[in-house]
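Here is the structure we will look at, set down as structure tokens.
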Amino acid sequence: MKPIIEFCMSNLASGSQKALEKLEKDPNLDVIEYTCLGYCGLCYEGPYALVNGEFVSGETPDELVENIYAYLEENPMF
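Using the working numbering, you'd call the opening residue of the sequence shown number 5 and step up by one each time.
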């Protein structure tokens, strides 16, 4: 089972698109786009994604990618 990384389409327009593109290249991740993830207040603050259902954010798309990988290291699925 691969980790699931979920992105909000509104947040993609706000900068997380670059993070999504980097993560989609990783064959060990399932990257999914949704119309809305229900984090509207946080959505406008900066790039974010849900990693296995948990909110992970970053100041920049690159920091978001780093934080996602850090989260996955700290929270292994098995």
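We treat Cβ as the ideally placed atom computed from N, Cα and C, and that holds for glycine.
Remember, predicted model here, so these are calculated numbers, not experimental data.
DSSP state of residue i mapped onto helix, strand, coil
i: Tyr52; result: strand
i: Glu28; result: helix
i: Glu58; result: strand
i: Cys40; result: coil
i: Glu63; result: coil
Cβ distance (whole Å) where residue i is taken to contact residue j below 8 Å
i: Asp34; j: Ile8; result: 5 Å
i: Ala53; j: Glu10; result: 6 Å
i: Cys40; j: Ser14; result: 7 Å
Alpha-carbon to alpha-carbon, residue j and residue i
i: Tyr2; j: Asp30; result: Any answer about residue 2 is impossible in this case: the structure gives the chain only from 5 up to 82.
i: Leu46; j: Lys6; result: 26 Å
Of the residues the options, the one placed nearest residue i, counting alpha carbons only
i: Asn79; options: Leu46, Gln21, Glu70 and Asn56; result: Asn56
i: Gly50; options: Cys40, Leu27, Ser61 and Ala23; result: Ser61
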